[in-house]
Amino acid sequence: MKLDMPVAEGATRLPALLEARGLTRRYGGLVAVSDLTFEIRPGEILGLIGPNGAGKSTTFNLLSGHVKPSAGTLSFAGESIAGMPPYQVSRRGLVRTFQHDSFFREMTVIENLTVAAQRRYRSHRERVDCARCIAERVGLDKHLDATAGSLPHGLQRILSIGIAITPEPKLLGLDEPLTGLHTVEVEKVLTLFRTLCRADAMTILLVDHNMKAMMGVCDRFLVLHYGKMLAQGNADEVRSNPDVIRAYLGISE
Amino acid sequence: MFNINHSVVLWNVALFAAAIVWLGVSEPSYLTQLVVWSAINAVLAAGMRFVLLIGETNMASGAIYGFAAYVTAIAVTNGFDVVPLVVVTAAIAAGVLGLLFGWVTLRVKGPYFMLIGFAFTEVVRLAYTRIDYVGGNSGMVGIYAPMSLDRWMPALCVGICYLLVSGFFVAEKSSFGLLMRAIRNNDKVVETLGVSALRVKLVCFCMAALAVGAAGAIHAYSYHVISPGDFSFLIPVYALAYAKVGGERHIVGSVIGAIFLTVVAQVVQGAGALQYVLFGGVIILTMLGVRGGLLDMLGWVACRRRRAGAQRIGLPKDRTSGELG
Numbered sequence: 000m001k002l003d004m005p006v007a008e009g010a011t012r013l014p015a016l017l018e019a020r021g022l023t024r025r026y027g028g029l030v031a032v033s034d035l036t037f038e039i040r041p042g043e044i045l046g047l048i049g050p051n052g053a054g055k056s057t058t059f060n061l062l063s064g065h066v067k068p069s070a071g072t073l074s075f076a077g078e079s080i081a082g083m084p085p086y087q088v089s090r091r092g093l094v095r096t097f098q099h100d101s102f103f104r105e106m107t108v109i110e111n112l113t114v115a116a117q118r119r120y121r122s123h124r125e126r127v128d129c130a131r132c133i134a135e136r137v138g139l140d141k142h143l144d145a146t147a148g149s150l151p152h153g154l155q156r157i158l159s160i161g162i163a164i165t166p167e168p169k170l171l172g173l174d175e176p177l178t179g180l181h182t183v184e185v186e187k188v189l190t191l192f193r194t195l196c197r198a199d200a201m202t203i204l205l206v207d208h209n210m211k212a213m214m215g216v217c218d219r220f221l222v223l224h225y226g227k228m229l230a231q232g233n234a235d236e237v238r239s240n241p242d243v244i245r246a247y248l249g250i251s252e
Numbered sequence: 000m001f002n003i004n005h006s007v008v009l010w011n012v013a014l015f016a017a018a019i020v021w022l023g024v025s026e027p028s029y030l031t032q033l034v035v036w037s038a039i040n041a042v043l044a045a046g047m048r049f050v051l052l053i054g055e056t057n058m059a060s061g062a063i064y065g066f067a068a069y070v071t072a073i074a075v076t077n078g079f080d081v082v083p084l085v086v087v088t089a090a091i092a093a094g095v096l097g098l099l100f101g102w103v104t105l106r107v108k109g110p111y112f113m114l115i116g117f118a119f120t121e122v123v124r125l126a127y128t129r130i131d132y133v134g135g136n137s138g139m140v141g142i143y144a145p146m147s148l149d150r151w152m153p154a155l156c157v158g159i160c161y162l163l164v165s166g167f168f169v170a171e172k173s174s175f176g177l178l179m180r181a182i183r184n185n186d187k188v189v190e191t192l193g194v195s196a197l198r199v200k201l202v203c204f205c206m207a208a209l210a211v212g213a214a215g216a217i218h219a220y221s222y223h224v225i226s227p228g229d230f231s232f233l234i235p236v237y238a239l240a241y242a243k244v245g246g247e248r249h250i251v252g253s254v255i256g257a258i259f260l261t262v263v264a265q266v267v268q269g270a271g272a273l274q275y276v277l278f279g280g281v282i283i284l285t286m287l288g289v290r291g292g293l294l295d296m297l298g299w300v301a302c303r304r305r306r307a308g309a310q311r312i313g314l315p316k317d318r319t320s321g322e323l324g
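Structure representation (structure tokens):
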């Protein structure tokens with residue numbers, strides 16, 4: 000599975016897929032996210048980590064257009080996307096999932112995925128075919144006619160991922176996709192992430208609390224703390240960063 | 000799953016053809032009138048249900064329905080007598096009104112959207128009472144189709160209503176129908192897929208407005224007299240009752256509910272002031288008695304009969320669980 004050279008390293012020569020400069024979001028007096036500057040490189044799996052309330056979700060919402068930035072610039076594939084409505088951001092190739100219920104509860108699995116193929120194909124038949132393909136790919140082909148709301152939790156998470164990859168995004172943002180999955184499911188999902196990244200040339204932004212999995216799959220990390228950027232770097236750099244140890248892992252020395 | 004049950008379609012078309020033939024050969028009477036009213040109400044109910052698919056209750060349909068009826072009345076009293084053209088014009092006018100109303104209001108959801116629709120219906124109704132050109136409080140009279148068409152009007156009206164309801168059915172079964180249901184489930188996720196939820200809602204609302212507008216034109220033709228009081232908030236409330244009593248699960252439910260309650264309204268009319276109590280009582284009883292509306296009751300009966308039949312010829316029970324297609 001492991002490639003000789005990490006993709007992220009080779010990818011640094013390419014221009015950034017997403018670039019944030021001084022990204023800030025204030026709610027009244029509260030600064031949820033303050034002066035974030037970072038880039039997401041094409042082909043990498045980037046982990047966004049930080050303790051609860053660090054601003055991970057706000058950052059996610061800023062990128063996907065669900066929250067408008069108070070200040071700063073945001074460009075995706077060379078185009079400014081700051082202040083764009085979510086569906087416009089998505090059309091440019093940035094698709095995200097939500098922490099809870101990132102699917103259509105009362106609809107069947109195949110209907111969920113057919114809706115997801117809406118903009119990828121023009122005819123209903125093509126959309127249904129595409130939905131079947133995706134279902135097979137993520138391992139939901141035995142549940143095509145099951146209502147999404149009645150699926151076990153793990154399969155609901157997988158369905159959410161399936162919906163998000165159907166439009167073939169350039170950047171896939173996943174907000175806590177591993178929560179509530181058991182070890183075998185986590186392994187399967189991580190393998191899927193690696194394939195999406197290596198074979199489908201998708202770039203992935205990952206937020207999750209499962210540190211073991213994150214350390215295993217992410218090429219690079221951004222560490223947030225109280226809405227500020229605390230550290231950036233690969234697993235070893237982040238793990239050995241004294242600021243991160245103090246703030247995030249909660250070890251006081 | 001996306002296949003439409005062919006035997007149901009066949010039955011449906013056969014019943015419709017029979018109704019049209021009957022309407023064509025029989026003299027216009029109270030009974031033909033009742034069929035036309037049922038058909039109009041079926042369109043109102045199906046239109047209400049169509050907007051319910053995106054999760055909204057469209058209380059503005061009273062205003063849209065009335066607006067189309069008034070457009071028809073103005074056209075007819077000014078000498079325009081090509082019936083299909085008048086109906087199409089009224090429908091387009093209603094569609095434009097729906098577009099304007101929806102463009103402004105579909106940004107809010109749930110109870111807010113419902114209340115704005117309710118207020119809109121009442122404001123538009125009150126506006127008619129202040130405009131002398133449309134007869135103020137007393138409304139407009141003399142909305143007749145040309146004499147030569149008189150005999151064929153019931154068949155024509157029911158035919159148009161049938162096409163409108165069929166249109167809703169086809170739209171619901173398409174990709175667009177899936178999108179509408181997805182929006183009711185989770186509009187945020189729909190937006191992350193590159194689809195503007197507002198645009199889908201607007202198209203849905205406009206389609207309903209067009210159909211309800213056509214029904215409004217037919218209303219004007221079949222009553223010959225309209226007044227502001229005909230187009231109060233009771234129109235959408237009744238439409239909601241037809242859809243719910245009939246069964247929301249399938250569009251056939253809207254048609255069954257509309258026919259059932261139209262007939263009930265006629266039956267209880269003799270009871271004087273008590274009629275509203277009786278009418279309301281029937282709605283409450285159906286809602287309490289069968290959760291899925293009349294549709295589920297009929298489905299349950301059909302299921303039992305099939306099961307009984309299956310037992311006679313010795314089929315296992317589990318092969319007989321049927322659903323209305």
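As you go down the protein sequences, you meet chains X and B in turn. As numbered in numbering that gives the first Met the number 0, residues 0 to 252 make up the first sequence, in order. As numbered in numbering that gives the first Met the number 0, residues 0 to 324 make up the second sequence, in order. Built from N, CA and C at the ideal position, the CB exists for glycine as well. Just so you know, these numbers come straight off a predicted model, no measurement behind them.
Bridge-paired residues (DSSP) for residue i
i	result
residue 224 of chain X	X:227
residue 49 of chain B	DSSP output for residue 49 of chain B lists no bridge partner at all.
residue 26 of chain X	X:29
residue 164 of chain B	Partner(s): none; residue 164 of chain B has no beta bridge.
residue 146 of chain X	X:107
residue 74 of chain X	X:18 and X:79
residue 156 of chain X	In the DSSP output, where bridge partners are listed per residue, residue 156 of chain X has none listed.
residue 170 of chain X	X:93 and X:202
For residue j and residue i, believed in contact at Cβ under 8 angstroms, the rounded distance
i	j	result
residue 109 of chain B	residue 208 of chain B	With 8 angstroms as the limit, residue 109 of chain B and residue 208 of chain B do not qualify as a contact, their Cβ atoms being about 20 angstroms apart.
residue 242 of chain B	residue 47 of chain B	5 angstroms
residue 75 of chain X	residue 47 of chain X	Not quite, the Cβ-Cβ distance comes to about 16 angstroms (not below 8 angstroms), so this is no contact.
residue 205 of chain X	residue 170 of chain X	With 8 angstroms as the limit, residue 205 of chain X and residue 170 of chain X do not qualify as a contact, their Cβ atoms being about 11 angstroms apart.
residue 285 of chain B	residue 293 of chain B	7 angstroms
residue 198 of chain B	residue 53 of chain B	Rounded, the Cβ-Cβ distance is 12 angstroms, inconsistent with contact.
Straight-line Cα distance separating residue j from residue i
i	j	result
residue 135 of chain B	residue 121 of chain B	15 angstroms
residue 138 of chain B	residue 127 of chain B	8 angstroms
residue 145 of chain X	residue 112 of chain X	12 angstroms
residue 213 of chain B	residue 159 of chain X	41 angstroms
residue 196 of chain X	residue 164 of chain X	11 angstroms
residue 173 of chain X	residue 60 of chain B	41 angstroms
residue 88 of chain X	residue 282 of chain B	47 angstroms
residue 319 of chain B	residue 297 of chain B	Note that residue 319 of chain B scores 39 on pLDDT, short of 50, meaning its location in the model is unreliable; the coordinates nonetheless yield the value given after this. Going from the Cα of residue 319 of chain B to the Cα of residue 297 of chain B covers about 15 angstroms.
residue 316 of chain B	residue 273 of chain B	Residue placement at residue 316 of chain B is poorly supported in this model, since its pLDDT is 44, which falls under 50; the coordinates still yield a value, given next. So the alpha carbons of these two residues sit roughly 46 angstroms apart.
residue 290 of chain B	residue 158 of chain B	31 angstroms
residue 10 of chain X	residue 133 of chain X	Legend: pLDDT at residue 10 of chain X = 49, less than 50; position of this residue unreliable, no value from coordinates given.
residue 328 of chain B	residue 185 of chain B	No statement about residue 328 of chain B is possible, as the shown extent of chain B runs from 0 to 324 and does not include it.
residue 322 of chain B	residue 18 of chain X	Its pLDDT being 40, under 50, residue 322 of chain B is placed unreliably in this model, and the coordinates cannot settle the point.
residue 270 of chain B	residue 170 of chain B	41 angstroms
residue 174 of chain B	residue 221 of chain B	36 angstroms
residue 33 of chain X	residue 49 of chain X	14 angstroms
residue 91 of chain B	residue 217 of chain B	14 angstroms
residue 276 of chain B	residue 240 of chain B	15 angstroms
Best match in the options for proximity to residue i [C-alpha to C-alpha]
i	options	result
residue 38 of chain B	B:261, B:127, B:231 and B:117	B:261
residue 85 of chain B	B:15, B:101 and B:68	B:68
residue 22 of chain B	B:149, B:73, B:50 and B:61	B:149
residue 128 of chain X	X:157, X:180 and X:116	X:116
residue 211 of chain X	X:228, X:230, X:224 and X:235	X:235
residue 66 of chain X	X:81, X:72 and X:77	X:81
residue 179 of chain B	X:192, X:140 and X:110	X:110
residue 22 of chain X	X:71, X:16, X:55 and X:59	X:71
residue 187 of chain X	X:138, X:90 and X:53	X:138
residue 203 of chain B	B:233, B:100 and B:265	B:100
residue 20 of chain B	B:187, B:131 and B:153	B:153
residue 13 of chain X	X:103, X:105, X:42 and X:91	X:42
residue 155 of chain B	B:228, B:83, B:257 and B:206	B:83
Neighbouring residues, chain B, relative to residue i (Cβ below 9 angstroms)
i	result
residue 102 of chain X	184, 185 and 188
residue 162 of chain X	188, 191 and 192
Cross-chain neighbours of residue i in chain X, by beta carbon under 8 angstroms
i	result
residue 106 of chain B	Per Cβ cutoff of 8 angstroms: no residues; residue 106 of chain B is ~12 angstroms from chain X at best.
residue 173 of chain B	123
residue 51 of chain B	By Cβ distance, chain X contributes nothing, its closest Cβ being about 13 angstroms from residue 51 of chain B, past 8 angstroms.
Neighbouring residues, chain B, relative to residue i (Cβ below 8 angstroms)
i	result
residue 166 of chain X	192 and 193
residue 118 of chain X	192, 193 and 194
Neighbour list for residue i in chain X, Cβ cutoff strictly below 9 angstroms
i	result
residue 294 of chain B	Ordered by position in chain X, no residue passes the 9 angstroms Cβ test against residue 294 of chain B, which lies about 18 angstroms from the chain.
Within chain B, the residues that residue i reaches when beta carbons sit closer than 7 angstroms
i	result
residue 85 of chain X	190 and 191
residue 126 of chain X	174
Where residue i meets chain X, residues with beta-carbon distance less than 7 angstroms
i	result
residue 177 of chain B	110, 113 and 114
residue 181 of chain B	103, 106 and 114
**OP:** Closer than 7 angstroms, Cβ to Cβ, to anything on chain C: give me those residues from the segment 73-98 of chain X, in chain order.
**Re:** Structure shown: chain C not included; protein chains present are X and B.
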